[in-house]
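One structure is given below, encoded as structure tokens.
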Amino acid sequence: AKEDKPDVSKPEETKAGEVDGGDKKDLSKMKVVALLSGVITDNGWNQICYESVKNLSDKYGIKLEYNENIAVSDMAEYIRTYAEEKYDMIIVHGSQFKASAEEMARAYPDSHFCLSYGFRVDASTADQVQDIPNLAYVGPVNMGVLIGAIMGILTENNKVVFLGGQDIPAITDIVSGIEEGVRLTNKEAEVKTDYLGTLTDADLAKERALAFINDGFDVISASANTAQLGCLHAAEEKGVYALGFNGDQYGVAPDAIVLSVMRNYPAIYEDVFLSIAEGKWKSGMVVYTLKDKGTVVSDWHGWDKKLPKEKVDAINDVIQKLYNGDLGDY
Amino acid sequence: MDLLQTIGGYLFTDIRMAAPVLLAGLGLLLMNWSGLLNIGAEGIMLIAALSAVAGSHYFGSVWLGLLLAMLAGAIFGLLFAVLTVTLRANQTVVGAALNILGLSLSTTLNRVLFGIETTVTKVDAFKVLEIPLLSKIPVIGRAFFAQMPIVYIAFLLVPVIHYFLFKTKPGLNLRSVGENPRVADTLGINVYRTQYLATIVGSTIVAAGGAFLSTGLLDFFAEDMVAGRGYIALAAVIFGKYKPAGIMVAAMIFMAGNVVSNVLQVAGIGIPYTFLTMIPYILTIIALTIFASRAVAPASLGKPYKRG
Amino acid sequence: MKVLLSTKMKTQGKAGVKQVIVSFGATVFALALGMLLIYAIGFDPFSAAVAMVDGAFGGKNAFGETLVKMTPLIFTGMSYALASRCGLTNLGMEGQLYMGALAGTATGIYVSGLPAALHLPLTILAGFLGGALWGLIAGALKVRFGASEIITTVMLNTIAISFIDYMVNGPMIEPPGINCQTQPVRSTAQLPNLISGTRAHWGFVIAIVFVVLFWLFLWRSKRGYEVRVAGLNLSAARYSGIHTDKNILLVMFLAGGLAGLAGCNEILGIQIRMIPEISPGYGFDGIAVSLIGNNTPVGIVIGALLFGAFRAGGNRMQIRAKVPNAIVSVVQALVIFAVVASQMLLDKWNEYQMKKINRQESEVA
Amino acid sequence: MGVILEMENICKQFPGVLANDCICFSVKEGEVHALLGENGAGKSTLMNILCGLYKPTSGEIRLEGETVRFNSARDAMERGIGMVHQHFMLIPTMTVTENCLIGDKEGSSIKLDRKEAGRRLKELAERYGMEIDPDAIVGTLSVGEMQRVEIIKALFRGAKILILDEPTAVLTPQEARALFKMIRALTDNQFTVIFISHKLDEVKEISDRVTVLRLGTVVGTYDIDQCSVEELARLMVGRDIHFDAVTRQQPVGDTLLEVNNLSLHREKSNEGKLLEDLTFEVHKGEILGIAGVDGNGQAELVECLTGIRSASSGEALYQGKDLLKLSTRDIMSNDVSHIPQDRQKTGLVMPMTLVENFALQDYYKKDFGKGALMNWIGVEERSAKLIQDFSVKTPSPYELAQNLSGGNQQKVVVAREISRQPKLLIAMHPTRGLDVGAVEYIHNQLIDQRDKGVGIVLVSTEMEEIMRLSDRIIVLYEGRAMGCVRPSETTVEEMGLMMGGRTLDDIRKGSIKETSVEEKMM
Ligand SMILES: Nc1ncnc2c1ncn2[C@@H]1O[C@H](COP(=O)(O)OP(=O)(O)OP(=O)(O)O)[C@@H](O)[C@H]1O
Ligand SMILES: Nc1ncnc2c1ncn2[C@@H]1O[C@H](COP(=O)(O)OP(=O)(O)OP(=O)(O)O)[C@@H](O)[C@H]1O
Ligand SMILES: [Mg+2]
Ligand SMILES: [Mg+2]
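Chains as they are written, first to last, in my numbering: chain A, 28 to 357; chain B, 579 to 886; chain C, 120 to 484; chain D, 132 to 653.
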């Protein structure tokens with residue numbers, strides 16, 4: 028069970044710099060809360076955030092605090108409650124809460140606000156970010172590129188598909204990087220990306236995935252919370268490759284899931300947490316690129332023996348290159 | 579030949595997707611024929627979907643999971659019957675509350691039963707049962723004879739329920755309650771018991787539809803995984819003119835909307851996915867407007883019956 | 120005549136008080152069951168209850184939150200109640216709410232150069248119309264094709280929500296187009312704050328105004344009288360020359376409009392901009408609100424207060440007692456069951472009393 | 132002939148009503164036992180207890196000397212008690228066979244054997260001289276046929292004691308005779324029949340013994356030979372009944388309503404017409420009676436005249452306008468009033484207050500509030516006055532209509548319609564189901580209106596009512612007028628024949644033939 032947990036190895040170069048082992052500050056007194064849009068059992072976006080605060084709690088002994096199912100209209104109220112109590116770190120998990128987070132960050136300068144954000148870094152990104160000293164827009168970037176690169180190697184029919192749940196930033200961010208990623212490893216492959224229109228209807232997702240597989244697509248991955256599990260099921264049933272996403276989902280479909288690609292939020296928020304503790308807090312865009320290891324890849328779970336050796340090597344190679352920045356600034 | 583193969587594939591998918599809606603529709607049909615209008619199918623299916631996974635997990639057999647799901651459905655049905663039959667409460671309001679209860683209770687219990695794990699608990703699930711020879715028939719063979727047992731059950735229930743409703747004495751008695759409970763009463767039929775039975779049995783069938791969603795195609799529970807199928811089943815009953823075969827056709831037509839969405843998305847014509855999502859619902863509305871006016875509901879559907 | 124009016128008020132008042140007491144008792148009973156459930160899944164029911172009450176009424180801010188939650192519920196409760204007064208079942212409040220919010224947002228953003236005194240009313244009108252037209256579709260399908268509004272309204276919910284997803288991600292997305300949300304509505308279209316230091320906004324006042332209009336319409340206007348007659352007895356309506364189809368259209372239009380205002384006010388007072396999930400189920404809660412309120416104006420306000428308090432208190436319950444707020448929905452369902460059950464028991468009792476009174480009178484005569 | 136059934140000290144307490152008060156009642160095998168009593172005397176209640184639908188508050192039932200306790204209608208049926216209810220208990224969408232098989236427990240198989248059942252039904256029917264098509268959909272049958280289905284149903288299910296609750300209320304005199312013949316055939320075969328009626332002549336004709344109920348108690352049981360019709364009437368009502376002779380002060384005035392060739396087709400036009408070429412006129416200060424057995428087009432005629440249904444052809448000229456082309460609202464606002472046939476289903480909104488019910492026809496007018504709003508204070512004043520004028524028994528104008536007794540409900544409707552000061556009043560079954568006092572009251576109201584010059588169309592199935600009030604009578608049969616007569620110039624027999632489908636001309640031309648036809652029917 029332990030190995031099913033996402034890899035929480037720290038980013039190699041933490042933005043906050045190394046934690047000084049000699050620091051005597053009692054980190055367990057830090058007050059951290061995660062405010063979530065859905066339930067922590069959604070196998071996706073919210074669960075990974077839960078894992079993050081769980082990780083902090085396990086490692087540093089802070090009190091584990093989170094709230095689920097928060098409606099957009101209620102978020103400001105939740106934030107206010109914790110800000111009033113001078114929480115050190117308030118994780119507002121989802122870009123739909125952007126407005127509330129910005130408003131509250133201005134109102135409560137004593138707390139540090141982390142808005143979990145999904146965004147692509149390009150020219151317009153800066154316009155999205157407001158300059159509030161105690162608000163950081165936190166998230167990994169370029170996950171799609173990594174996923175796409177692996178998919179490009181895996182495909183035999185040169186047809187790969189990635190399905191998002193809904194057109195929301197945390198998902199769009201990934202979807203928009205897929206094609207670029209595939210091109211890094213495969214110039215010919217047909218790349219299809221689209222949205223399922225649901226985050227919960229796993230049956231529908233499975234049928235949709237089957238439709239793609241029947242059309243010859245032989246590598247599939249999806250980002251749609253619980254619904255994505257339906258896509259993984261479809262891959263296993265039809266004997267095509269799949270990539271897990273968010274958590275290490277090998278267990279869901281061991282015969283299909285070659286690797287899982289994970290938002291490394293546990294490590295990211297550990298990093299941010301330490302930066303607050305260290306007084307090295309950074310506001311604004313706090314993005315974790317592939318180089319920063321904002322995205323991690325799971326264990327092979329034996330697939331490195333099952334796959335043709337050249338594919339395994341190619342995948343290992345491209346991951347390494349992406350992490351090193353050899354293929355561009357991802 | 580290739581085209582035929584493709585059509586066979588669509589049919590295969592359509593039948594499989596129609597099965598849960600069909601089951602829910604058949605369950606609702608029994609309730610409707612007893613004069614009760616239950617819009618709570620969505621909630622019943624949700625709690626059943628969870629129970630099926632729980633049963634399959636704890637007892638290690640998907641069939642026992644199905645049994646537990648049906649039991650959960652029966653309990654919801656009993657609750658509905660107590661409130662609407664005995665206390666004569668507004669059936670729509672109670673149905674709506676069942677939906678709220680099904681959604682929230684399944685979410686809560688899911689957590690209690692399975693805790694918080696990144697990977698879902700895998701349980702025993704239904705497997706495809708190929709019927710020898712028949713499944714080899716070209717084009718339609720796989721569509722009809724290489725499905726999961728619960729799909730066969732759903733479709734076999736169509737003639738069974740038809741036979742029950744229209745060819746047996748208990749079926750006639752049930753229909754008489756839905757048409758005119760007072761008449762049934764004067765003829766010695768226990769109206770309340772009939773309505774209770776119809777609701778409980780009907781709810782277990784609806785629940786089987788819910789169980790299919792979590793342990794048929796899949797092997798886990800997800801919050802709100804029913805995603806409107808309970809309501810579509812409700813429409814299927816009207817569209818199917820309160821006959822099992824009609825419901826079967828309706829379920830297949832409505833779910834064909836999803837098949838169309840799949841095909842359009844795979845074809846990549848560039849229709850925004852939000853519009854693809856709407857297709858089955860728009861199809862349902864159109865179908866209803868064309869056929870609803872000709873549907874003859876049981877005469878006392880939705881009206882509470884007061885004895886004496 | 121004064122004597123008669125006073126007897127009327129007495130009998131109606133008494134019935135009203137009895138209704139409230141019984142509903143209240145049922146609610147308490149359901150809450151107790153809920154607490155039991157909370158205990159059963161391993162939380163402390165006492166601290167949950169304290170947090171709940173504290174979150175709903177413990178202080179200005181808490182009460183402000185309750186008002187914020189009440190506002191859309193008053194509208195959706197009226198929407199359901201109005202339709203049921205006409206014998207219709209409107210389950211489409213959620214979709215109508217979204218369409219109203221969308222129309223209001225569009226007007227709030229794209230109409231410019233107006234002073235607040237014009238822009239705000241115009242935006243609210245647009246919100247009303249957005250919901251109203253969406254409701255009218257179901258009405259028209261019923262009148263023209265006999266399609267059951269119970270089903271069409273539910274289908275229209277899903278369609279509306281998908282449509283909103285499309286609009287917010289497409290044509291109306293805030294430039295440059297990264298976040299799926301629209302621009303904020305212009306300040307001239309925003310509803311001012313009602314109680315400073317809280318989020319309570321003037322939408323609440325508008326809601327109360329509409330409660331009065333709702334009452335005026337149904338019980339004081341000629342059209343409202345028609346609607347009620349048609350809702351209670353279709354045959355009597357035809358007999359007296361009431362155009363029932365026209366009334367169905369009108370009522371679905373108005374009911375949709377009321378739900379639309381729920382969404383529009385939420386935008387103009389709280390969200391400021393359109394996002395795909397502005398309603399945490401206010402539409403469906405409207406059914407329960409109107410049920411508890413017995414389809415009466417004061418009752419709806421009380422019902423909305425109860426469910427508003429649930430939502431505000433439920434948040435606090437999660438924060439303080441760590442009880443997952445899905446439990447709150449379970450409790451809400453239990454409240455509905457308890458209230459319908461108690462109402463039926465009360466009806467039976469009233470029936471019995473009435474017969475007894477009749478008997479005594481006939482004996483005297 | 133031994134006693135087959137005894138009911139001892141039966142009491143039935145409804146909330147607020149003691150419907151049966153210590154009733155003792157016994158029936159001999161093979162007899163026709165009539166139950167006689169005014170509306171509300173408790174006849175139906177007693178029989179509902181006997182057939183297992185209601186449970187008595189106290190008392191016991193003995194069948195062939197053995198005490199029985201019925202928990203449902205099925206229990207009673209198993210002991211051979213079958214009831215044909217006042218309102219038919221049939222499901223119109225099902226076939227005759229299906230209707231007979233509902234709740235049937237015969238045989239161990241759960242399969243419905245329609246063929247076998249149909250055969251047995253036919254056999255039964257033939258044995259007692261009835262004709263029946265087992266596969267016909269009940270909804271398509273005539274009232275008389277439906278009644279036959281009801282009786283067959285009871286026999287089919289093994290009834291030995293057959294209860295008929297007001298079976299003749301909806302039949303033509305001829306159909307009633309056929310029914311009586313059937314009853315005789317049954318009693319000849321050791322069936323026992325309990326026969327409920329208000330109609331003294333019928334009771335006298337068919338029954339062997341009679342039990343009279345009054346206000347929930349038994350007045351007595353008598354051999355029919357021992358009492359005259361007059362005696363029975365006195366026993367039933369507790370006083371002598373005298374309808375005041377209807378006197379008229381003024382002569383009939385000018386023509387008010389002129390109906391020419393009014394026809395109404397069925398939805399599928401090949402299925403015959405609901406109304407065919409009706410031509411008649413109504414004068415000011417005249418009551419035109421429309422007689423006929425229920426379901427012969429009366430309801431449709433009224434619906435056409437009041438704009439609720441649109442006629443297929445013809446015209447109805449009233450004050451220079453054609454009513455058939457106007458909407459209900461337009462007709463009613465032209466000084467037309469309408470007392471509908473069913474006060475509870477149509478005339479009143481039961482869950483509304485009396486005040487609100489008094490506004491039903493005129494709420495949109497200025498007197499009821501200017502502009503869009505109602506002036507309820509004004510309506511209340513008006514209501515209070517009407518309640519007083521028409522002596523409606525109610526605790527307050529804000530009482531709900533559903534809490535009034537039937538008679539008082541009807542008074543509300545009549546008060547509302549008359550207070551509108553109509554020129555034309557269309558009244559359908561204005562006294563149906565009311566007791567003698569209320570009937571008298573409403574009759575007097577109608578006569579008052581007539582004397583004020585109002586033209587009245589009175590639709591009724593009560594022969595007595597029609598004969599007493601009308602100036603002229605038109606008899607409808609299957610949508611056609613069989614003839615128009617003055618009450619003074621006709622006989623009940625003639626009326627009965629017209630109601631049975633013979634035109635006045637035929638009857639008067641061949642009065643010898645008439646008897647032969649009747650002989651055949653017998
Ligand atoms: N279900 C009931 N609940 C309450 N009161 C009832 C009920 N049924 C009958 N009653 C009352 O009991 C009394 C006797 O009614 P019943 O129907 O037996 O009269 P009836 O002699 O059959 O009259 P009719 O000639 O009108 O058929 C009436 O006052 C009636 O209002
Ligand atoms: N369905 C009902 N709901 C409530 N009360 C009823 C109902 N039916 C009858 N009652 C009550 O029972 C009493 C008797 O009713 P019913 O209609 O038999 O009148 P009645 O005694 O025959 O009077 P009338 O002679 O004026 O017609 C009434 O006072 C009425 O309030
Ligand atoms: Mg009566
Ligand atoms: Mg009777």
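Ideal Cβ placement from N, Cα and C applies to all residues, glycine included.
Residue i and residue j closer than 7 Å at C-beta
{"i": "B:G810", "j": "B:V599", "result": "First, the amino acid is wrong: residue 810 of chain B is Ile here, not Gly. A contact, by the Cβ cut-off of 7 Å."}
{"i": "A:V13", "j": "A:F239", "result": "In the structure as shown, chain A starts at 28 and stops at 357, and residue 13 of chain A therefore has no counterpart that could be examined."}
{"i": "C:A360", "j": "D:M463", "result": "Rather than Ala, the amino acid found at residue 360 of chain C in this sequence is Gly. Yes, Cβ-Cβ distance for C:G360 and D:M463 is below 7 Å."}
{"i": "C:T224", "j": "C:I386", "result": "yes"}
{"i": "D:L479", "j": "D:A532", "result": "yes"}
{"i": "D:I418", "j": "D:L589", "result": "yes"}
{"i": "D:G427", "j": "D:Y608", "result": "The question names Gly, but residue 427 of chain D in the sequence shown is Asn. Closer than 7 Å, so yes."}
Nonlocal neighbours in the same chain, by C-beta distance under 8 Å from residue i, ignoring five residues either side
{"i": "A:D230", "result": "G257"}
{"i": "C:S267", "result": "K261"}
Buried or exposed (CB count within 10 angstroms, at least 16 for buried), residue i
{"i": "A:N184", "result": "exposed"}
{"i": "B:Y636", "result": "exposed"}
{"i": "D:A569", "result": "buried"}
{"i": "D:N140", "result": "exposed"}
{"i": "D:T226", "result": "buried"}
{"i": "C:V147", "result": "exposed"}
{"i": "C:R318", "result": "buried"}
{"i": "C:G178", "result": "exposed"}
{"i": "C:P294", "result": "exposed"}
{"i": "D:H218", "result": "exposed"}
Residues of its chain near residue i, where Cβ-Cβ distance is below 6 Å and the 5 sequence neighbours each way are ignored
{"i": "D:A165", "result": "F326, V334, S338, V341"}
{"i": "B:G655", "result": "T777, I778, S781"}
Beta-carbon contacts of residue i that lie in its chain and below 7 Å, excluding the five residues immediately before and after
{"i": "D:S414", "result": "Before going on, a small fix: residue 414 of chain D reads as His here, not Ser. Cβ within range, chain order: V383, G384, D385, T386, L387, G586."}
{"i": "C:S166", "result": "R439, A440"}
### Task
Give a yes or no on contact between the segment 444 to 453 of chain C and the segment 662 to 679 of chain B, applying the rule of three or more CB pairs nearer than 8 Å.
yes
### Task
Below 8 Å between beta carbons is the criterion; list the residues of the segment 487 to 501 of chain D that meet it against any residue of chain C, in chain order.
E487, A490, L491, Q492, Y494, Y495, F499, G500
### Message
Taking contact to mean 3 or more Cβ pairs, one atom from each stretch, closer than 8 Å, check whether the segment 312 to 321 of chain A and the segment 89 to 103 of chain A are in contact.
### Response
Here the segment 312 to 321 of chain A does not lie against the segment 89 to 103 of chain A, with fewer than 3 beta-carbon pairs under 8 Å apart.
### Task
Count the CB pairs spanning the segment 299 to 319 of chain D and the segment 270 to 289 of chain D that are closer than 8 Å, and state whether there are at least three.
yes
### Query
Taking a cut of 7 Å between CB atoms, which residues from the segment 335 to 364 of chain C lie near chain D?
R339, S340, K341, R342, Y344, V348, L351, N352, S354, A355, R357, Y358, S359, G360
### Task
Could you list the residues in the segment 235 to 266 of chain D with a C-beta less than 7 Å from some C-beta on chain B, going in chain order?
D235, I241, K242, L243
### Message
Between the segment 413 to 433 of chain C and the segment 340 to 349 of chain C, can you find at least three pairs of beta-carbon atoms closer than 8 Å?
### Response
no
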